[in-house]
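In order, the protein sequence lines correspond to chains A and B.
Numbering-wise, the first sequence is residues 0 to 405 according to numbering that gives the first Met the number 0.
Numbering-wise, the second sequence is residues 0 to 462 according to numbering that gives the first Met the number 0.
These notes are about the structure you will find just below.
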Amino acid sequence: MTTTEKPDTLLRILDYSSRADPYPLYAELRETPVARQADGSYVVSTYREIAELLHNPHLSSDVRNLSRPMEAVQGRTTPSFINLDPPEHDRLRRMAMRHFGPPHTPGLVTGMEDDLTAVVNGLIDGFAGKEQIDIVDDFAYPFPVTVICHLLGVPREDEPRFHLWVDAIVNSIDYNPETDPKEKLENGVQAREDLRQYLAGLLEQRHGKPGEDLLSRLANDDGPDGRMTDEEILATANLLLIAGHETTVNLITNGMLTLLRQPQMLQRLRSEPGLVVPLVEELLRYEPPVHIIPWRAAYTDITVADTVIPKGSKIMLMLASGSRDPNRFHDPDVFDPDRRDNEHLGFGSGIHLCFGGPLARLETQIALTALVQRLEEPTLVTDPPPYRPSPVLRGPIHLHIEQNKN
Amino acid sequence: MTSADNLRAFKRDGRIVIVGASLAGLRAAEALRAEGFTGSLTMIGDETCEPYDRPPLSKQVLTGWVPAGDTTLPRRRDVNAEWLLGVPASGLDLATNHVRLADGREVPFDRVLISTGVRARPWFVESEAALDGVFVLRTREHAEGLQQALAAGPSRVLVIGAGFTGSEIASICRERDIAVTVAELAPAPLVGALGAMIGDVAADLQRAHGVDLRCGVKVTRLEGDDQGRLRRAHFDDGSTVDADVAVVALGGIRNTEWLRESGLAAGPWGIACDTGCRALTLDGLITDDVFVAGDVARCPNPIYEYRLISLEHWANAVEQAEVAAHNMVSGQADRWPHLSIPAFWSIQFGVNIKSVGVPTFADEVVVTQGSVADRRFVAAYGYRGRVTAAVSFNNAKWLDHYRQLIETAAPFPPPSPTPDQPVDMKPVPVDFPGPVLLAQGATVVVTGHDPSERRVTAAQQNR
Ligand SMILES: Cc1cc2nc3c(=O)[nH]c(=O)nc-3n(C[C@H](O)[C@H](O)[C@H](O)COP(=O)(O)OP(=O)(O)OC[C@H]3O[C@@H](n4cnc5c(N)ncnc54)[C@H](O)[C@@H]3O)c2cc1C
Ligand code: HEM
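Listed below in structure tokens is the structure:
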């Protein structure tokens, strides 16, 4: 029943040398929609099967349901809701969502439009006089970080400290005991602890002081589900910080990269500002920030595409591959913002569907609109650009561009 | 001329008439234009206003959040149609391909789509139905009137019938802090649609929200005062309830009377059609130029043993409209079947209820995920050992999985555990009340003996 074909395809994808263009390898992977790996885990790479699994209640996001423990995620701290199953997941997500979106806080994201535009314009003003601009360091990284810090209530001046922590944590997500130095894991564990300590300090100050930021709201909540414990608040804040740091940056950067590779599209966006909405959707399909859901656990034996995945198995969901599946998307390797029925997997699907989607969309729409309006004939300095190490949260580490300076 | 040429000519300057200008009618018109139909398009509707959306009428409109007039359906494209509004169609002549209007006009067509939907079943005593304070809810005007009556602060509202619409109205009353009595003939609310187990959950839900729920009773009489205002309702158990507003929520009647002489398989059950939305004649033969979509259609579904199923679901109306429109302008080989799994939603008492499949097509039901006590669960329905439907209370994100179980005829009960394990996973009988409204006597009779002579004729319709 199960197939063990081309187990090396995955290893080649994970290898840093394929970071700039993993897509041909995804196509190879899709030849076996559900592929058993040598270590007993399963890699799922086709749209239908991924979507099916994301809605399958017999999958678990809780590491405790893996038969082989995973050191990287099995930290000492309380898991956040991204790593929990219902009912805990639903309860915590609901409690966090109360302060983040409809129905209880409906205008939050849309109400931020002016602030976001101001931050974006401030960053672009800072390009003045520069020979070269690094879209990542000068723009796409600081922008969402400012936003998430503001939302959470983290002082902006502390940001450089947890930049380091978040980097270390993200680096350890795909820790491979076979090939990676133990340090990589230890750094990640230490960083988690440090970040937690730091947030605990902030939280301490917020108790009994109702405020507009998320930490204050969570610390003083009296909604129908009661209040989160401090441990739960810390885990949630941690999750939002990391999610807010390491994803939108890649969407904005991938967006600029894609537009710079297709100057006629850049021109079109300039003259047709409304295009930005479907264009960002297409980016989420074509160059998504999250390429892989690194693991889910089979809570019981699961049959998918005629393959039985035994209980306790680790399942890897190749979102970026699914979004390029020719059985779902016509001409999947063409970047086409006019595409209809673009139900990509960029934000996942099902109960763990990205919580920050509306915010990430708005941030990216505003960012790309401002960049194409205000940059003068921008061109890429190096193509492909250098990439971050992670195959999971994949994106350029720098994106150098030059402008026509007349 | 080849049939391909015919089709091209028809798409270019054929004549399409749509009878019933609401959700299904409008979506079909838009889809026809999207398919490249450039001929003449006529929309016939007996309501005077532009097509509007009905689900908000028992929800946001009744809370007062959205004015009844603000429910106009969003347009997806220009349909460039001639609108004949405010006059009902009174007949369909398939010998000459004309729609007859009640004012005597005749509208010719090459192809026609019937989407006349359903109207509210009125209170059975006309003089009582005419009392001030007695409402039904199907149209914008109904919703507007009921909204005003609720805003006036009635001492008590009586809802007659605890199906989805009645339950939603009761929910709004409680939200507006209005005392409400719900009277239901069945043992619990929603039983007719979802069975006894979910009915019990719905009953608890209503009572927990302060509804005076009376099941197993029949309202026999509505009593007015000398000014013709509703004052009191009498029940078959001898009890009474004083109320100044009553909403009759006893389901709908399909708008098919105007087709009585048409020769189509139209009756109280709707208009029978194939999966391509082509109407059947009384004899059960397929027609080529008459299509049906929406609440008035009765369409076979292969997943449910090819039984003819009528659905009063928003999504079904939209999907059938799109399939019908496509097939109206496509050759036989390019036709689409309407095969999707039905889906329905309702919001009441703070719970988002969603279903996939056909819950009435089941003999057993089992809670598969979550907690009934917390009103956060999924229940799967099975028929002879396979999954045929699922219902979720505040847990809708899993329903895609159940849709897939239905599509693949997966075994029932779904075998394996999930992390969100319910307390009790034992299937129980689904327990629907018998069919009380339909099947009151024969609707058709078959005559003739030779295959060439055998015909069906409509029996006298009962109201
Ligand atoms: C209060 C309410 C709440 C609802 N809530 C939900 C919900 O939460 N979820 C859900 O899935 N569905 C819901 N529905 C059902 C949904 O609205 C219907 O499925 C949908 O309206 C069907 O559209 P239709 O076009 O087939 O029929 P209709 O909307 O009934 O339209 C038929 C039209 O044809 C007209 N007509 C009838 N006879 C003639 C004639 N002889 N000549 C000319 N015109 C004629 C009618 O006046 C009407 O305008 C609700 C319905 C109501 C009334
Ligand atoms: C373009 C940017 C983003 C992308 C591509 C993205 C992608 C994703 C994906 C794929 C998941 C699903 C993970 C899974 O199923 O295990 C997810 C979950 C999540 N995302 Fe995002 N994300 C982005 C931005 C954000 C932002 C800005 C925030 C916070 C404000 C955020 C918060 C979350 C949270 C909290 C979850 C967990 C949801 C749950 O488990 O219920 N994301 N995201």
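Glycine is no exception: its CB is placed at the ideal position from the N, C-alpha and C atoms.
Three-way DSSP call (helix, strand, coil) for residue i in this model
i: residue 13 (chain B); result: coil
i: residue 340 (chain B); result: coil
i: residue 235 (chain A); result: helix
i: residue 267 (chain A); result: helix
i: residue 194 (chain B); result: helix
i: residue 251 (chain A); result: helix
i: residue 141 (chain B); result: helix
i: residue 189 (chain B); result: coil
i: residue 138 (chain A); result: helix
i: residue 161 (chain A); result: helix
i: residue 96 (chain B); result: coil
i: residue 364 (chain A); result: helix
i: residue 222 (chain B); result: strand
i: residue 177 (chain B); result: coil
i: residue 276 (chain B); result: coil
Residue i burial status per 10 Å Cβ neighbour count (16 or more: buried)
i: residue 270 (chain A); result: exposed
i: residue 146 (chain B); result: buried
i: residue 333 (chain A); result: exposed
i: residue 78 (chain A); result: buried
i: residue 64 (chain B); result: exposed
i: residue 439 (chain B); result: Any reading at residue 439 (chain B) needs caution, since the residue's pLDDT is 37, under 50, leaving its predicted position unreliable; the model's value is listed next. By the 10 Å Cβ count, residue 439 (chain B) comes out exposed.
i: residue 363 (chain B); result: buried
i: residue 253 (chain A); result: buried
i: residue 218 (chain A); result: buried
i: residue 392 (chain B); result: buried
i: residue 94 (chain B); result: exposed
Proximity test, Cβ basis, 7 Å: residue i and chain B
i: residue 349 (chain A); result: yes
i: residue 390 (chain A); result: no
i: residue 324 (chain A); result: no
i: residue 298 (chain A); result: yes
i: residue 55 (chain A); result: yes
i: residue 85 (chain A); result: yes
i: residue 59 (chain A); result: yes
Chain A contact for residue i (CB, 7 Å cutoff)
i: residue 153 (chain B); result: no
i: residue 416 (chain B); result: yes
i: residue 397 (chain B); result: yes
i: residue 69 (chain B); result: no
i: residue 423 (chain B); result: no
i: residue 333 (chain B); result: no
i: residue 437 (chain B); result: Because the pLDDT of residue 437 (chain B) is 33, which lies under 50, any placement of that residue in the model is unreliable, and the question is left without a value.
i: residue 337 (chain B); result: no
i: residue 146 (chain B); result: no
i: residue 440 (chain B); result: Caution is warranted here: a pLDDT of 43 is assigned to residue 440 (chain B), below 50, making its placement in the model unreliable, and no coordinate value can be reported.
i: residue 419 (chain B); result: yes
i: residue 97 (chain B); result: no
Sheet register partners of residue i (DSSP bridge)
i: residue 382 (chain B); result: B:385
i: residue 386 (chain A); result: A:395
i: residue 230 (chain A); result: In the DSSP output, where bridge partners are listed per residue, residue 230 (chain A) has none listed.
i: residue 308 (chain B); result: B:298
i: residue 118 (chain B); result: B:252
i: residue 107 (chain B); result: B:97
i: residue 379 (chain A); result: A:400
Start and end residues, beta strand (DSSP E) containing residue i
i: residue 255 (chain B); result: Run containing residue 255 (chain B): none; DSSP gives neither H nor E here.
i: residue 358 (chain B); result: Note, residue 358 (chain B): premise wrong, no beta strand (DSSP E); not H, not E.
i: residue 47 (chain A); result: Element bounds for residue 47 (chain A): not the beta strand (DSSP E) but the alpha helix (DSSP H), 46 to 53.
i: residue 233 (chain B); result: 229 to 234
i: residue 205 (chain A); result: No beta strand (DSSP E) holds residue 205 (chain A); the alpha helix (DSSP H) holding it covers 181 to 205.
Start-to-end residues for the alpha helix (DSSP H) that takes in residue i
i: residue 130 (chain B); result: Neither: residue 130 (chain B) is in no alpha helix (DSSP H) and is coded neither H nor E.
i: residue 417 (chain B); result: That residue, residue 417 (chain B), is in no alpha helix (DSSP H); it is neither H nor E in DSSP.
i: residue 326 (chain B); result: 313 to 327
i: residue 154 (chain B); result: From DSSP, residue 154 (chain B) is part of no alpha helix (DSSP H); its letter is neither H nor E.
i: residue 116 (chain A); result: 112 to 124
Proximity test, residue i beta-carbon vs ligand 3 heavy atom, cut-off 6 Å
i: residue 292 (chain A); result: Because ligand 3 does not appear in the structure shown, any question about it cannot be addressed here, the ligands present being ligand 1 and ligand 2.
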